[in-house]
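FYI, the numbering for the sequence shown is 2 to 217, going by our numbering.
The beta carbon of each residue, even a glycine, is placed where N, CA and C say it ideally should be.
Here's the structure, in structure tokens; my notes come after.
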Amino acid sequence: SSINNPWCDDGCFCYSSLEVHCTFQQITTVPSVFPPNTKKINLAYNKITRLPDNRLSVYGSTLRFLFLQSNRIRSVRGGVLAGLENLSILRLSWNQLSAVQKNSFRDLRALKRLYLDNNRLYFIHPEAFLGLTKLRSIQLEGNALTRLHPDTFVTVRFGQYFRYSNVQYLYLSNNKFTVFPRSILAGINRLKHVYLHGNPWECSCHLPWLHQWIRE
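Structure, rendered in structure tokens:
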């Protein structure tokens with residue numbers, strides 16, 4: 002049950018001194034104050050439309066899990082997640098995002114799992130994930146993606162030629178891809194699983210490499 006905590010009111014519950022849950026409360030913005038050592042914030046299933054600048058940055062040293070799925074968020078502007086250097090899991094599924102910009106996730110150096118599925122994404126900046134060296138899983142299924150830059154999933158780059166990524170699980174199902182150039186996976190050195198079903202593929206000379214890659 003929720004513990005007595007002056008920070009937990011207005012429909013939020015503190016199940017421990019480290020977790021805050023504010024789900025299904027019809028709230029439209031991120032609450033201004035949480036317990037100072039919060040490790041997990043769950044704001045899923047609300048009506049949040051935007052993330053206020055610097056509202057969450059004060060929890061950068063402790064926050065590990067941030068759940069924002071099933072809201073009405075339309076963009077993640079550069080800087081709104083600034084300082085969350087220890088965040089491990091970020092859930093933004095089932096929102097109204099249309100694009101991922103260059104600096105949307107720039108400070109999330111500890112991020113391991115990123116959920117962007119079931120939005121309206123049609124554009125991802127080719128440097129959106131650059132610097133996220135711990136990133137292992139990116140969920141992008143259920144969007145409106147038709148093409149990706151070859152550097153999209155590169156997290157480390159030196160000079161013009163060295164590209165590297167630690168991403169192991171890539172979910173791209175149920176988008177709008179008709180072709181999928183081999184170059185998109187070229188820099189993902191540790192890829193274990195890629196999910197591509199549910200796309201309107203064109204049978205052309207651009208896809209045989211994919212069948213070969215799957216067999217291997």
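Taking the continuous beta strand (DSSP E) assigned at Ile42, which residues delimit it? 41 to 43
Consult DSSP for Tyr162 and reduce its assignment to one of helix, strand or coil. coil
Go ahead and pull the three-state DSSP assignment for Tyr60. helix
Taking Ile189 as the reference, give the member of Thr153, Trp95, Ile28 with the closest Cα. Thr153
Would a C-beta distance cut-off of 8 Å place Glu86 and Arg110 closer than the cut-off? yes
Ala111 by DSSP, collapsed to three states: which one? coil
Those runs of the alpha helix (DSSP H) which lie wholly inside the region 73 to 122 and span at least 4 residues: none
Kindly identify the DSSP beta-bridge partner or partners of Glu20. Ser17, Lys41
Determine contact between the region 125 to 140 and the region 73 to 88, defined as no fewer than three beta-carbon pairs at a distance below 8 Å. no
Integer Cβ distance of Leu192 from Phe181, believed to fall under 8 Å: About 13 Å separates the two Cβ atoms, so there is no contact after all.
What does the alpha-carbon distance come out to for the pair Phe14 and Tyr165? 41 Å
According to DSSP, is Ile189 helix, strand or coil? coil
For Phe66, which residues does DSSP report across the bridge? Lys41, Ile90
Suppose the cutoff is 8 Å on Cβ atoms and the five residues either side in sequence are ignored; what does the same chain contact list for Ser71 look like? Ala45, Tyr46, Asn47, Ser94, Trp95, Asn96
In the structure shown, what three-state DSSP assignment does Ser184 receive? helix
Starting from the C-beta of Leu64, find all residues in its chain whose C-beta is less than 8 Å away, skip the five residues before and the five after it, and write them out in chain order. Thr39, Lys40, Lys41, Ile42, Leu57, Leu85, Asn87, Leu88
Of the choices Leu69, Val157, Pro36, whose alpha-carbon is the least far from that of Gly120? One detail in the question is off: residue 120 reads as Asn in this sequence, not Gly. Closest option to Asn120, Cα to Cα, is Leu69.
Apart from the five residues just before and just after Asn122, which ones in its own chain have a Cβ nearer than 8 Å to its Cβ? The amino acid at residue 122 is misidentified as Asn; the sequence shows Leu. Leu98, Ser99, Ala100, Val101, Leu141, Asn144, Ala145, Leu146, listed in sequence order.
Identify whether Phe124 lies in helix, strand or coil by the three-state DSSP scheme. strand
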